[in-house]
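At position 476 of the sequence shown the residue is numbered 493 (our numbering), and the sequence of numbers has no breaks. Here's the structure we're looking at; comments come further down.
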Amino acid sequence: MVHIRWQALIAVLGIIFLGTLLAYFAFGLSTVAQADYGGTYIEGIAGTPNIVNPLFNQFNPVDRDLSALIFNGLTRADERDVIRPDLARSWEISPDGLVYTFTLRNDITWSDGAPFSSADVVYTIETIQSSDYPGLTDIAALWRSVAVTAVNPFTVRMQLAQPFAPFLDYTTIGILPSHLLQDVSAADLPTAQFSRQPIGTGPFVLDELTTEGATLSPNARYFGQRPYLGTLQFKFYRDYESVLAAYERGEVEGIAQVTPELLTAARGLENLHLQSAQLAGMTLVFFNNSNPLFQDKQVRQALVFGMDRQKIIDTILQGQAILGAGPILPNSWAYDDALKKYPYDPQMAAQLLDNAGWQDLNKDGVREKGDQTLSFTLIANTDDPARARMAQQLADDWKKIGADVQVQLVARAALVQDALRPRKFDAVLFGVADLPADPDPYALWHSTQTPDKSDAGQNYSGWENSEADDLLQQARRTTDSAQRAELYRQFQMIFMEDVPAAILYYPVYTYGIDERLHGVQLAPLLDPSDRFRNISQWYINTRRVILSESQARPAPTPP
């Protein structure tokens, strides 16, 4: 009996000791939640897939989303539009700017296990160069002037016909596997089985694709950080109103894009988190510089001072835009923050018009100069209700400074073909989308880029400034980024003084994600598919990790 009592006492003492020990460790150690592998994220997208191939996805956002997850380019653009290595480890540019030599990574395999090499790069470029390539003509035209050579399995040389500093931007296009496609012609590639069941080098592989949705899983052979997500699913809907309704029904956990019209409803959803970032594009008013009314820069300056652009952003766009500040995007390494600014200032606008000789002598509310009245037509896109409202607000703003402006609404196709390209307009409210990573604004503002002189030209204002022309040409010929930045700084100063067009705003992209998803970090985007830049760090599952008290405490601030 005594023996049994001693055993019980020892057991009790052991329990007390163990409890004390655990309490000691609990006091000295804490736990923290960290990202863990697994979990499924389901996102709703407006649209359906067509060709999941980076050589042909320029016209379909769904295709671009899928391609961004499956393929890599030789290079990639970061949030500052700086070109960084991707499949290429590094590159060298010859002093004359004609030869680019890329050193490829030697640790990459395609998702089917085949090794990646220079043969894949050569095949991809030769496909674009092919006479039967059915993709974008401007991309084909650029690459057809480049001689591509595989020096060895991990070195590629590209010889340009003339120096072209924006060339690196073209090397961000996704690379295709030659071992699977070398016998497929460029013309047949869009309809090939590969473009529905692609093999890539990116962080995800496509497991299933239908008209209703897509399922992807992490690429076990990916050379970068392994994604935390166990499964990524897309569900396709008719429009983003339907996607928002699907989120409310619990069908999806993310909304690929929350448009300004849906912001109020989206903000009312408790578990939906919204993230926003600048999108590469701009909305502007092109003034026809050939029209005698707009040949005086004081008139153009007055019209810009007379635009309440912030009101457009706040009321029509629900705050989802950034006030326009120049012809180069403000996130770009080439942007100059010291540019001349045009805040809303009706008094300054009136003074400039007075100085230019425009006065309202008959007190009818419209200024005159000789026998000419300050009257013109502003054309806008009737397909976009928000654009129509913007155009009317601009007309109302300009009425306050003595301009009689009539708004004309036309379909987008007619706006481009019947007004912009033949330059038969006074002023046009228009959005320029999908601006490239390289800040080169040559196609929009060089005098040779009016539509009658260049098929790809977008100098719809017809702006002619010899000093600006010289700066843009020099910037295209130098590969030194510091020199280019200085040339673009001077160009921007001239532009903002001359204002051949009024930059209203830069659009903002808004992403809706459920509170279950963590790790999403948006930065300025070239395309909505850039929301996946850091997708390897997205996670749903977490695990508790013991953290010692000394580790948990912040480091002391040095005296």
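The beta carbon of each residue, even a glycine, is placed where N, CA and C say it ideally should be.
The Cβ atoms of residue 545 and residue 348 do not sit closer than 8 angstroms to each other. For the region 425-492, the continuous beta strand (DSSP E) assignments of 3+ residues that do not extend past its boundaries occur at 444-450, in sequence order. If the five residues before and after residue 537 are omitted, its C-beta is found closer than 8 angstroms to the C-beta atoms of 292, 528, 530, 548, 551 and 555, all from its own chain and listed in chain order. Assigned with DSSP and collapsed to three states, residue 274 falls in coil, not helix or strand. Residue 189 holds the alpha-carbon nearest to the alpha-carbon of residue 105 among 189, 373 and 163. Partner residues in a beta bridge of residue 343, as assigned by DSSP, do not exist.
Boundaries of the beta strand (DSSP E) harbouring residue 293: 289-295, taken from the DSSP string. Considering only 470, 454 and 107, the residue with the shortest C-alpha distance to residue 187 is 454. Assignment of residue 107 by DSSP, reduced to helix, strand and coil, places it in the strand class. Measuring C-alpha to C-alpha distances from residue 332 to each of 474, 61 and 280 identifies 280 as the nearest. Residue nearest to residue 241 within the set 248, 220, 64 and 85 is 220 (criterion: CA-CA distance). For residue 243, the closest of 369, 54, 360 and 413 by C-alpha to C-alpha distance is 54. If you draw a straight line from the Cα of residue 358 to the Cα of residue 446, it comes to about 20 angstroms. A direct Cα-to-Cα measurement between residue 115 and residue 162 gives close to 11 angstroms.
Between residue 404 and residue 516, the alpha-carbon positions lie close to 21 angstroms from each other. Sequence-distant Cβ neighbours of residue 150 in its own chain, meaning closer than 7 angstroms and more than five residues away, are 144, 157 and 203.
Contact between residue 170 and residue 134 holds, with the beta-carbon distance rounding to 4 angstroms and staying under 8 angstroms. CA-to-CA, the gap between residue 553 and residue 246 works out to about 8 angstroms.
Distance check between residue 431 and each of 464, 457, 397 and 180 places 397 closest, using alpha-carbon atoms only. Taking 8 angstroms as the cut-off, the beta carbon of residue 65 is found closer than this to the beta carbon of residue 253.
Burial is judged here by how many other beta carbons sit within 10 angstroms of a residue's own beta carbon; residue 466 has at least 16 and is buried. With 16 or more other Cβ atoms inside 10 Å of its own Cβ, residue 60 counts as buried. Residue range 257-265 is occupied by the alpha helix (DSSP H) that includes residue 259. Relative to residue 375, the option among 317, 345 and 408 whose CA is nearest is 317. In the DSSP assignment, residue 138 falls within the alpha helix (DSSP H) that extends over 135-146. With the rule of 3 Cβ pairs closer than 8 angstroms, the region 114-133 counts as touching the region 204-224. Taking one beta carbon from each stretch, the region 300-308 and the region 432-445 have 3 or more pairs nearer than 8 angstroms; the two touch. Partner residues in a beta bridge of residue 196, as assigned by DSSP, do not exist. Beta-bridge annotation (DSSP): residue 531 is paired with 289.
In terms of Cβ geometry, residue 120 and residue 107 form a close pair [threshold 8 angstroms].
The beta carbon of residue 558 is closer than 6 angstroms to those of 53, 55 and 56 in its chain, skipping five residues each way along the sequence. DSSP, read as helix, strand or coil, puts residue 496 in coil. Minimum Cα-Cα distance from residue 270 among the listed residues 48, 183, 361 and 288 corresponds to 288. Distances from the alpha-carbon of residue 298 to those of 522, 483, 489 and 259 put 522 closest. Residue 378 and residue 388 have their C-alpha atoms some 12 angstroms from each other. Residue 458 and residue 486 have their C-alpha atoms spaced approximately 11 angstroms apart.
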